[in-house]
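Numbering (the numbering used here), first residue to last: 18 to 101. The beta-carbon is built from N, C-alpha and C at its ideal position, and this holds for glycine as well. Below is one structure, written out as structure tokens; comments come after it.
Spelled out as structure tokens, the structure:
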């Protein structure tokens with residue numbers, strides 16, 4: 018049986034993946050997601066994603082309220098988990 022290893026992302030590594038990086042990341046609830054392929058599809062526009070790129074965007078994410086589709090799509094964008 019194969020096992021999957023979760024990639025651990027440091028705060029420093031997350032911070033490097035801010036707006037302008039070829040592969041920007043955001044952190045939501047301790048999980049780190051790549052927004053590079055999703056930014057153009059985001060219903061709220063890419064600007065709101067770039068505001069939290071390289072940072073923890075949990076508060077902003079929770080303020081908006083997201084449906085089942087968002088959570089389903091996020092699984093495909095997962096990079097790893099933030100090292101606390």
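By alpha-carbon positions, which one of the options ends up nearest to residue i?
| i | options | result |
| --- | --- | --- |
| residue 40 | 62, 25, 77 and 66 | 66 |
Under 8 Å by Cβ, that's how I've got residue i and residue j pegged, so tell me the actual separation to the nearest angstrom.
| i | j | result |
| --- | --- | --- |
| residue 23 | residue 45 | Not really, about 15 Å apart at Cβ, beyond 8 Å. |
| residue 25 | residue 98 | 6 Å |
Do you know how far the Cα of residue j is from the Cα of residue i?
| i | j | result |
| --- | --- | --- |
| residue 60 | residue 54 | 14 Å |
| residue 48 | residue 57 | 21 Å |
| residue 87 | residue 72 | 19 Å |
| residue 79 | residue 50 | 15 Å |
| residue 63 | residue 37 | 12 Å |
| residue 70 | residue 21 | 26 Å |
| residue 101 | residue 93 | 23 Å |
| residue 33 | residue 91 | 20 Å |
| residue 43 | residue 89 | 16 Å |
| residue 95 | residue 35 | 16 Å |
*Could you tell me whether the segment 80 to 88 touches the segment 23 to 30, using the rule of 3 or more Cβ pairs below 8 Å?*
no
*Would you mind listing the beta strand (DSSP E) stretches within the segment 44 to 89 that are 3+ residues and don't spill past its ends, in chain order?*
48 to 51
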